[in-house]
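The structure appears below as structure tokens.
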Amino acid sequence: MIEPHHSSTLTGWREWVRLPAAGVPWIKAKIDTGAQTSALHAAELEEFERDGAPWVRFEVHPWQNSEEDAVRVELPVHDRRTVRSSSGHSQDRIVVLMDIELVGRRVPAEVTLTSREEMVFRMLIGREALRRGFLVDSAASYLGEKPERRIRRKNRGRS
0 MIEPHHSSTL TGWREWVRLP AAGVPWIKAK IDTGAQTSAL HAAELEEFER
50 DGAPWVRFEV HPWQNSEEDA VRVELPVHDR RTVRSSSGHS QDRIVVLMDI
100 ELVGRRVPAE VTLTSREEMV FRMLIGREAL RRGFLVDSAA SYLGEKPERR
150 IRRKNRGRS
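Below is the structure:
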């Protein structure tokens, strides 16, 4: 998909997104203008070296409360950052570069890897990705493409 030039693509406060290079067809994300970088729930996080460069291996669990359809991903480490949560806690995180498909557009993004096990959304989309021409309608949800009903039910733990 070639990214068209948009000055303003409307997105809701929550959206279904794709992580194409990671092989994740659907994951529900919260659009978070309070976060600088995007964040992804990463399980089984393991750092290693490949050709002398730092890499990370992890699993993406796209569904809430389920490890079904987990996807194993290996990416180079782009950076390391200290991220402060809204409650004031600091955490050192690995940052990777990933393309995110949001409301029909594919944009590159810096994504921090963390445990979001207790969170409602497995992914947050932060300002760094949104500044590529997105406007957030805080009263709207799911303005982009949605997966079929059986996938949405799977995310809620229903088959």
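0 is the number of the first residue of the sequence shown in numbering that gives the first Met the number 0; add one for each residue after it. We treat Cβ as the ideally placed atom computed from N, Cα and C, and that holds for glycine. Just so you know, these numbers come straight off a predicted model, no measurement behind them.
How is leucine 142 classed by DSSP in three states: helix, strand or coil? coil
Taking the alpha helix (DSSP H) that arginine 148 falls in, what are its first and last residues? 148-154
From arginine 121 to glutamate 144, what distance separates their C-alpha atoms? 18 Å
Can you check which of these residues, Trp12, Glu73, Gly33 and Arg49, is closest to alanine 41 by C-alpha distance? Glu73
May I have the straight-line CA-CA distance separating glycine 39 from threonine 113, to the nearest angstrom? What sits at residue 39 in the sequence shown is leucine, not glycine. Rounded to the nearest angstrom, the two C-alpha atoms are 6 Å apart.
According to DSSP, is alanine 128 part of a helix, a strand, or is it coil? helix
Cβ-based burial, alanine 108 [other Cβ within 10 Å; buried from 16]: buried
Determine the DSSP secondary structure at proline 107, reduced to helix, strand or coil. strand
From tryptophan 168 to valine 16, what does the alpha carbon distance come to, in whole angstroms? No answer is possible for residue 168: it lies beyond the span of the chain, which begins at 0 and ends at 158.
In the DSSP assignment, the beta strand (DSSP E) including valine 16 goes from what residue to what residue? 13-18
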